[in-house]
Amino acid sequence: MTRQMHVSLFLMLLLFLFVQLCSTSGILAADSAEVVQNLPQQGQGASWGYTVVTTNRTFIRINTSTLDLVEGNHCSKVNQPSIKDFKGDDAPCLDQFVLSEEMKKTFLDTILPAAIKLHADRLLVDPVEGPLKVPEFEDDNVCKKFIVPQDHHSKGVENADMVLYVAARPELAFGVPCAYDNNSGRPVAGAINVQIFPLKIQRYNVRRVAHEIAHVLGFDYTVFEKNNMVAEIQFGNGMRRVVNSNQTMKMAQKYYNCSELEGLELAYATVEAHILNLSHLAWRNAVDDLMSSRYNFGAMHYSALTMSVFDGLPFYTVNWGMEESMSWGNQSGCDLFKSECKAEDATTISTKICPKDKNVFSCTSDRLGYGVCTPLPDDRYPDKKKCNVAELVEPPRGDKTSLLCSEKPQLNISGSIFERVDSFCLDTEEYNAGSMPGVFDDETIPLFATGICARVSCEEGKVRVMYNGISDWKNCSGEGDIIEVKPAGLNNTIKIKCPKYSEVCTIFSDGSSLLPLIEPKPLPAPVITTTTTTTENNESHQEQGETVGTESGHTNNNSSSVPSQSVQRTQNTTGDKVSANDNVTVPVTTGGNINKNNLTSPQVKEELKIHMGMDGTPAAACVLHALFLLMAAAAAAAALAVPL
Numbered sequence: 001m002t003r004q005m006h007v008s009l010f011l012m013l014l015l016f017l018f019v020q021l022c023s024t025s026g027i028l029a030a031d032s033a034e035v036v037q038n039l040p041q042q043g044q045g046a047s048w049g050y051t052v053v054t055t056n057r058t059f060i061r062i063n064t065s066t067l068d069l070v071e072g073n074h075c076s077k078v079n080q081p082s083i084k085d086f087k088g089d090d091a092p093c094l095d096q097f098v099l100s101e102e103m104k105k106t107f108l109d110t111i112l113p114a115a116i117k118l119h120a121d122r123l124l125v126d127p128v129e130g131p132l133k134v135p136e137f138e139d140d141n142v143c144k145k146f147i148v149p150q151d152h153h154s155k156g157v158e159n160a161d162m163v164l165y166v167a168a169r170p171e172l173a174f175g176v177p178c179a180y181d182n183n184s185g186r187p188v189a190g191a192i193n194v195q196i197f198p199l200k201i202q203r204y205n206v207r208r209v210a211h212e213i214a215h216v217l218g219f220d221y222t223v224f225e226k227n228n229m230v231a232e233i234q235f236g237n238g239m240r241r242v243v244n245s246n247q248t249m250k251m252a253q254k255y256y257n258c259s260e261l262e263g264l265e266l267a268y269a270t271v272e273a274h275i276l277n278l279s280h281l282a283w284r285n286a287v288d289d290l291m292s293s294r295y296n297f298g299a300m301h302y303s304a305l306t307m308s309v310f311d312g313l314p315f316y317t318v319n320w321g322m323e324e325s326m327s328w329g330n331q332s333g334c335d336l337f338k339s340e341c342k343a344e345d346a347t348t349i350s351t352k353i354c355p356k357d358k359n360v361f362s363c364t365s366d367r368l369g370y371g372v373c374t375p376l377p378d379d380r381y382p383d384k385k386k387c388n389v390a391e392l393v394e395p396p397r398g399d400k401t402s403l404l405c406s407e408k409p410q411l412n413i414s415g416s417i418f419e420r421v422d423s424f425c426l427d428t429e430e431y432n433a434g435s436m437p438g439v440f441d442d443e444t445i446p447l448f449a450t451g452i453c454a455r456v457s458c459e460e461g462k463v464r465v466m467y468n469g470i471s472d473w474k475n476c477s478g479e480g481d482i483i484e485v486k487p488a489g490l491n492n493t494i495k496i497k498c499p500k501y502s503e504v505c506t507i508f509s510d511g512s513s514l515l516p517l518i519e520p521k522p523l524p525a526p527v528i529t530t531t532t533t534t535t536e537n538n539e540s541h542q543e544q545g546e547t548v549g550t551e552s553g554h555t556n557n558n559s560s561s562v563p564s565q566s567v568q569r570t571q572n573t574t575g576d577k578v579s580a581n582d583n584v585t586v587p588v589t590t591g592g593n594i595n596k597n598n599l600t601s602p603q604v605k606e607e608l609k610i611h612m613g614m615d616g617t618p619a620a621a622c623v624l625h626a627l628f629l630l631m632a633a634a635a636a637a638a639a640l641a642v643p644l
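For the sequence shown, the residue numbers in the UniProt record's numbering are 1 to 644.
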């Protein structure tokens with residue numbers, strides 16, 4: 001063997017050792033983390049934390065199968081022949097369960113894709129390699145009641161991390177996971193039953209469907225228990241259950257500005273099917289959150305609270321920076337959890353707590369419409385104290401819509417602008433807004449209000465308002481500014497308080513998010529290396545036995561969950577041509593940090609970036625090793641090249 005061959009073999013050996021060294025230390029391994037400290041963006045206030053993303057994780061791909069939305073499996077009109085529910089019983093086609101062909105088209109083309117995108121823009125997972133094979137479901141599994149193509153079990157579903165089966169049977173809406181990955185425990189298949197309301201705008205329908213999908217993805221008490229992230233604690237005069245993962249507890253303390261919190265409170269069980277309630281956030285503490293326990297026609301924000309719950313699950317990484325601002329309870333302090341909800345506590349708890357001695361229409365906390373002051377049930381709180389809160393007036397269904405500013409009103413409230421997609425309820429001084437029918441036919445009752453529905457513009461990152469009777473926009477130079485106006489229909493001038501940008505410029509009328517998509521793709525330099533150990537999120541993933549590169553065949557269908565009252569892209573799951581009753585396609589998001597196509601207001605893009613190896617070994621260490629090895633190789637090569 002020649003000296004040149006000896007040199008070549010020696011260099012190859014050194015290179016092999018170098019690769020092994022860097023790989024085992026995590027420096028060249030695929031698993032690395034990017035930590036981005038985001039500066040505040042317009043409409044978000046201060047960022048809630050750092051963006052921590054493992055490079056092997058990607059946005060979740062949710063594949064939908066809507067084969068159950070065929071004629072005969074849902075109610076297309078009132079009083080049609082009964083439809084079988086999921087128990088196999090005949091269920092009458094009542095008004096609230098009707099899904100007309102027009103509504104179904106809107107659901108498939110608009111509502112479902114928008115609801116999926118809310119999750120696909122915020123949750124990252126270890127992507128399934130190859131087709132996702134859905135296991136055969138046992139007889140007592142909810143998904144057994146849905147139409148599942150045989151190909152899903154045999155060939156599997158391409159380009160999917162989750163398969164979602166969708167129906168609209170005549171029973172209450174629900175969402176439930178049906179199958180889990182054997183390695184990570186992540187739900188990989190589930191089902192939702194939807195109720196779609198014939199509203200002028202689709203904000204509520206989109207958010208309600210997203211609520212059910214969240215249950216399928218793992219916002220489910222059974223999943224919480226499996227991942228050891230719930231506890232029962234003393235709360236007032238009773239016991240409450242909370243999500244107490246490290247991520248969720250810290251976020252709850254920060255959001256509410258209350259360091260005493262031991263977790264995020266779940267809706268407590270007061271009925272036999274207690275699992276249903278425990279899969280939601282307590283209504284009092286998170287009224288306007290996506291996962292609140294009470295359905296209303298409200299905003300249902302994908303808030304930092306809901307994101308922190310997903311962040312506590314080891315198989316998800318959340319895309320921090322995409323949390324939607326929510327005013328209810330934000331920075332309220334511990335009084336929110338200790339107070340008796342008296343009106344005098346309004347300054348510290350919420351401006352939406354009503355005086356008990358007056359019947360007045362007030363803006364709801366999400367500013368979507370008028371609410372009335374109604375004492376809440378005794379069982380809503382452990383200390384049995386009632387709390388008067390302005391709750392949105394809700395109809396059963398049909399033409400009589402609620403007092404949403406965007407819909408046709410049930411009552412004629414003078415001075416307001418209704419039936420506009422950009423109409424919000426703004427706080428005012430109290431005024432006489434007309435009258436409403438009394439108990440008797442010829443009786444009327446004076447109607448007082450402390451809010452008015454007016455149009456709001458969020459263009460150029462600034463809030464502007466237009467009240468009834470004018471055609472030009474009035475600038476709100478600052479949050480809380482007072483504008484004196486005389487809306488059409490009122491005899492006197494009133495004072496309107498300018499809303500916060502984050503209160504009215506977070507959610508589109510179609511239910512999608514106004515926040516521009518922040519994509520956690522590592523950006524070019526500058527990169528600051530550090531010797532910091534692995535991040536808290538990644539520690540949580542490792543402690544829970546998270547595996548990388550989930551194999552599609554390793555799934556199980558042992559689901560003990562029950563339906564909870566409550567995309568990146570989707571693919572054709574049957575192999576046939578996509579039809580209106582089949583799968584819905586959502587465009588793939590683009591690369592980069594902020595998707596400018598979704599940019600709706602000026603954003604601050606500056607960031608502080610820190611790049612680390614998965615186990616905390618700095619990338620610079622590998623460079624030093626490389627230098628030493630290359631120097632040794634050069635010296636050895638020179639020595640071998642010298643004649644003997």
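Built from N, CA and C at the ideal position, the CB exists for glycine as well. In this text the structure is predicted, and so the values were computed from the model without any measurement.
May I ask which residues mark the beginning and end of the alpha helix (DSSP H) holding residue i?
| i | result |
| --- | --- |
| Tyr256 | Asn246 to Tyr256 |
| Leu217 | Arg203 to Leu217 |
| Tyr180 | Run containing Tyr180: none in the alpha helix (DSSP H); it sits in the beta strand (DSSP E), Phe174 to Asp181. |
| Ala436 | Ala is not the amino acid found at residue 436; the sequence shown has Met there. Element bounds for Met436: not the alpha helix (DSSP H) but the beta strand (DSSP E), Ser423 to Pro437. |
| Met291 | Unbroken run through Met291: none, as it is neither H nor E. |
| Met103 | Glu101 to Thr106 |
| Phe224 | Tyr221 to Lys226 |
| Val504 | Tyr501 to Val504 |
| Phe197 | Neither: Phe197 is in no alpha helix (DSSP H) and is coded neither H nor E. |
| Leu164 | Where Leu164 is concerned, there is no enclosing alpha helix (DSSP H), although the beta strand (DSSP E) it sits in stretches over Met162 to Ala167. |
| Lys338 | Asp335 to Lys338 |
| Thr306 | Ala304 to Gly312 |
| Ser154 | Gln150 to Ser154 |
Whose C-beta lies closer than 6 Å to the C-beta of residue i among residues of the same chain, with five residues either side of it excluded?
| i | result |
| --- | --- |
| Cys476 | Val463 and Cys498 |
| Pro446 | Ser435 |
| Asp68 | Phe146, Ile147 and Ala167 |
| Met239 | Glu232 |
| Gln253 | Ser259 and Leu261 |
| Asn193 | Ala167, Arg169, Ala173 and Phe174 |
| His74 | Leu99 and Ala168 |
If you follow the beta strand (DSSP E) that residue i is in, where does it begin and where does it stop?
| i | result |
| --- | --- |
| Arg464 | Arg464 to Met466 |
| Val360 | Val360 to Cys363 |
| Ile116 | From DSSP, Ile116 is part of no beta strand (DSSP E) but of the alpha helix (DSSP H) over Leu112 to Ala120. |
| Leu124 | Leu123 to Val125 |
Hey, residue i and residue j are a contact pair by Cβ (cut 8 Å); roughly how many whole angstroms apart?
| i | j | result |
| --- | --- | --- |
| Pro149 | Ser65 | 7 Å |
| residue 645 | His301 | A question about residue 645 goes unanswered here, because the residues of the chain that appear run from 1 up to 644. |
| Leu278 | Leu266 | 5 Å |
| Val309 | Phe219 | 6 Å |
| His215 | Gly175 | 3 Å |
| Val421 | Ile201 | 5 Å |
| Val206 | Ala299 | The pair is not a contact, with the Cβ atoms about 11 Å apart (cut-off 8 Å). |
Quick one, which of the options has its alpha-carbon nearest residue i's?
| i | options | result |
| --- | --- | --- |
| Asp288 | Leu132, His152 and Leu305 | Leu305 |
| residue 645 | Glu479, Ile483, Gly480 and Asn468 | Nothing in the structure corresponds to residue 645, since the chain is present only between 1 and 644. |
| Leu517 | Gln80, Val128, Lys117 and Gln195 | Lys117 |
| Cys363 | Gln247, Pro127, Cys425 and Pro135 | Cys425 |
| Glu459 | Cys505, Ala210 and Gly511 | Cys505 |
| Asn79 | Phe86, Val98 and Gln247 | Val98 |
| Lys87 | Glu171, Ala120 and Met307 | Glu171 |
| Ser184 | Asp481, Gln234, Glu101 and Lys226 | Lys226 |
| Asn285 | Asp140, Asp95 and Ser365 | Ser365 |
| Lys77 | Ser100, Gln195 and Val456 | Ser100 |
| Leu336 | Thr106, Asn205, Asp85 and Asn257 | Asn257 |
| Ile60 | Ala120, Ser82, Thr248 and Glu71 | Ala120 |
| Glu407 | Val360, Gly312, Thr248 and Arg203 | Arg203 |
By Cβ distance below 7 Å, which residues in the same chain neighbour residue i in space, the five residues on each side in sequence not counted?
| i | result |
| --- | --- |
| Tyr255 | Ala304, Leu305 and Asn330 |
| Val485 | Tyr467, Thr493, Ile494 and Ile496 |
| Phe224 | Val230 and Val243 |
| Met103 | Ile196 and Pro198 |
| His211 | Leu290, Met291, Met300 and Ser566 |
Taking 7 Å as the cut-off, is the C-beta of residue i nearer than that to any heavy atom in the ligand GTP?
| i | result |
| --- | --- |
| Asp311 | Here there are no bound small molecules, and the ligand GTP is not part of this structure. |
Cβ of residue i less than 8 Å from any chain C Cβ?
| i | result |
| --- | --- |
| Ala282 | Considering every chain present, this structure includes no chain C. It has just one protein chain. |
Touch test, the region 181 to 188 against the region 146 to 164, Cβ-Cβ under 8 Å, three pairs minimum: yes
Inter-stretch contact at 8 Å, needing at least 3 Cβ pairs: the region 446 to 461 / the region 409 to 418: yes
Three or more C-beta pairs below 8 Å linking the region 118 to 136 and the region 308 to 327: yes
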